[in-house]
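Asker: Next up is a structure, given as structure tokens.
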Amino acid sequence: MTITTEDLELIQEAKNIIKHLYCEGKHHIGAAVRTQSGKIYTAVHLEAYIGRVSVCAEAIAIGKAISEGEHELATIVAVRHPEINPDDPTENADPQLDVVSPCGICRELISDYGQSTQVILQGEEGYTKTTIGQLLPQKYSRS
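Going by the working numbering, the sequence shown opens with residue 3, and the numbers climb by one from there.
Structure representation (structure tokens):
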């Protein structure tokens, strides 16, 4: 699928939130979700000492959208902030923020709340976009 200017805006929103709220050991992933109405919701992940209680940024962004009454997801993206070296301020001036693929749990969650949701990924030649169904084939179903 072709990346649109709206997709680039969504990527930038995810980058903005993690640039603003990055905290080593606490927040290194930012996500942005656009709903079918066009509204954008952003979030950072919550790292925890016990990894099982960490919460991904995608899940929080989806939760924010749903909490505001937005139940139809259009597109989602996540970006990773690199670890910074506190001893080298020049390295930290403009960190390279990379688009990352959602983890398996997030793929399940995105699919549960929006089976046709598009996911922006980093391809070999730039950004690309696919549906969550392509990232999670033969999804488990209770029926």
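All C-beta atoms in this analysis are idealised placements derived from N, C-alpha and C, irrespective of residue type, glycine included.
Because the structure is a prediction, the values reported are computed rather than measured.
May I ask you to report which of helix, strand or coil DSSP gives K21?
Answerer: As a position in the sequence shown, residue 21 is number 19, starting the count at 1. Three-state DSSP puts K21 in a helix.
Asker: On the premise that T44 lies in contact with A61, defined as a C-beta separation below 8 Å, what is that separation, rounded to the nearest angstrom?
Answerer: Along the sequence shown, read from residue 1 onward, the residue named residue 61 stands at position 59. Along the sequence shown, read from residue 1 onward, the residue named residue 44 stands at position 42. About 13 Å separates the Cβ atoms of A61 and T44, ruling out a contact at the 8 Å cut-off.
Asker: Excluding the 5 residues preceding and the 5 following T132 in the sequence, name in chain order all residues of the same chain whose CB lies nearer than 8 Å to its CB.
Answerer: Here residue 132 refers to the residue found at position 130 when the sequence shown is read from its first residue. Within the same chain, T132 has close Cβ partners M3, Q120, V121 and L123.
Asker: Within 10 angstroms of the Cβ of A50, are there 16 or more other Cβ atoms? Answer buried if so, exposed if not.
Answerer: The residue labelled residue 50 in the question sits at position 48 within the sequence shown. Classification for A50: exposed.
Asker: Can you check whether the CB of V46 is closer than 9 Å to the CB of I19?
Answerer: For the purposes of this step, residue 19 is identified with residue 17 of the sequence shown, where counting begins at 1. For the purposes of this step, residue 46 is identified with residue 44 of the sequence shown, where counting begins at 1. Result yes, Cβ atoms of I19 and V46 sit closer than 9 Å.
Asker: Within 10 Å of its beta-carbon, does V55 have 16 or more other beta-carbons around it, so buried, or fewer, so exposed?
Answerer: Locating residue 55 in the sequence shown gives position 53, counting from the first residue. Exposed, since its Cβ has fewer than 16 Cβ neighbours within 10 Å.
Asker: Using the Cα positions of K141 and G135, report the straight-line distance between them to the nearest angstrom.
Answerer: Counting from 1 along the sequence shown, the entry for residue 141 is found at position 139. Counting from 1 along the sequence shown, the entry for residue 135 is found at position 133. Approximately 8 Å between the Cα atoms of the pair.
Asker: Which first and last residues belong to the beta strand (DSSP E) in which L123 is found?
Answerer: Your numbering for residue 123 matches position 121 in the sequence shown. Unbroken beta strand (DSSP E) run through L123: Q120 to G125.
Asker: With DSSP collapsed to three states, give me the class of G128.
Answerer: Here residue 128 refers to the residue found at position 126 when the sequence shown is read from its first residue. Reduced to three states, the DSSP call for G128 is strand.
Asker: With DSSP run on the structure shown, which of helix, strand or coil describes I86?
Answerer: In the sequence shown, the residue the question calls residue 86 occupies position 84. Three-state DSSP puts I86 in coil, outside helix and strand.
Asker: Could you tell me the boundaries of the alpha helix (DSSP H) in which I68 lies?
Answerer: Sequence index remark: in the sequence shown, residue 68 carries index 66 (1-based). Its alpha helix (DSSP H) spans residues A59 to S69.
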